[in-house]
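Numbering (our numbering), first residue to last: 716 to 1031. Note that beta-carbon positions come from the ideal geometry of N, C-alpha and C, so glycine has one too.
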């Protein structure tokens, strides 16, 4: 996660794809120092692992490693870069030059929620939660109560009495191959992930084994029941030679509740969120895609296609 930290260690900011710095309250990073201009500088994500800073014609200058930038000049930054806003003003360090993560700002409190790659979870004052998911490259949707709706960068949404402004990363034009808006990340969002369901002697005893690169993780959470039902549907459809990959594994939400023995759609939505959150916390590539939703149909499927179901204890 891209992170800027003040030299005294008392403040830090998770960078959005375009981060504006200055004295005005309209900036992302507000520095209340008279030597800092109202709109002093801007940092921009330009490629994987690369950030760029530009001086916006500030009065007292922007300094990178002690060297002043000319007005309007751009400078590429790397991890550890020291940035000063005016010669006598605050100095901040780029402690992490990774890609920007999705964020949202609570318009009432100013607090920021920061997500993980392709996923942002927002919570309302009443305990409600919604997931913001990157469904296609640079295209985001909000999933709430099973419904899927497109959202845009800088759009405001309300969740359980809280209003947020979304700060969503878009592809860096210098590095992203142009894609059709119909080219979804979600067709095969987890190509390098292997999932095995290890079935115990009791129907409810299901262990989940997830493998990717040189890592492995086990889970025995309740969402495994829904994932197992979706995996069975996908494996069944993969054996049908007339079906395309795009059509493999879709299951109606009501039917999935019955198969997983959930008491309703609300419980299903909670388990979908928990699965995505757990996969994201473990660093599984393409974590939000572990469960996909087909717009306007109420259907879901498992996002992994390398799946096996193993019976009996000791199958691991």
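- By the Cβ neighbour-count rule, residue 928 is exposed, with fewer than 16 other Cβ atoms within 10 Å of its own.
- Residue pairing for residue 880: DSSP places it in a beta bridge opposite 820, 871.
- Only buried fits residue 977, as 16 or more other CB atoms lie within 10 angstroms of its CB.
- If you compare the alpha carbons of 792, 1017, 770, 734 with that of residue 783, the shortest gap goes to 770.
- Of 747, 780, 755, the smallest CA-CA separation from residue 787 is found for 755.
- The stretch 932-952 makes contact with the stretch 964-979; the number of CB pairs closer than 8 Å reaches 3 or more.
- When the alpha-carbon of residue 863 is set against those of 926, 999, 750, 1009, the nearest one is in 1009.
- For residue 803, same chain residues with a beta-carbon under 7 Å away, outside a window of 5 residues either side, are 750 in chain order.
- Within the model, the alpha-carbon separation for residue 849 versus residue 855 is close to 4 Å.
- With 16 or more other Cβ atoms inside 10 Å of its own Cβ, residue 938 counts as buried.
- Residue 981: member of the alpha helix (DSSP H) spanning 980-996, first to last residue.
- Residue 847 sits in a strand when the DSSP states are folded into three classes.
- Taking a C-beta distance under 9 Å as the contact criterion, residue 872 and residue 834 do not qualify as a contact pair.
- Spatial neighbours of residue 725 in its own chain (CB-CB distance under 7 Å, excluding positions within 5 residues in sequence) are not present.
- In the three-state DSSP reduction, residue 1010 falls in the coil class, being neither helix nor strand.
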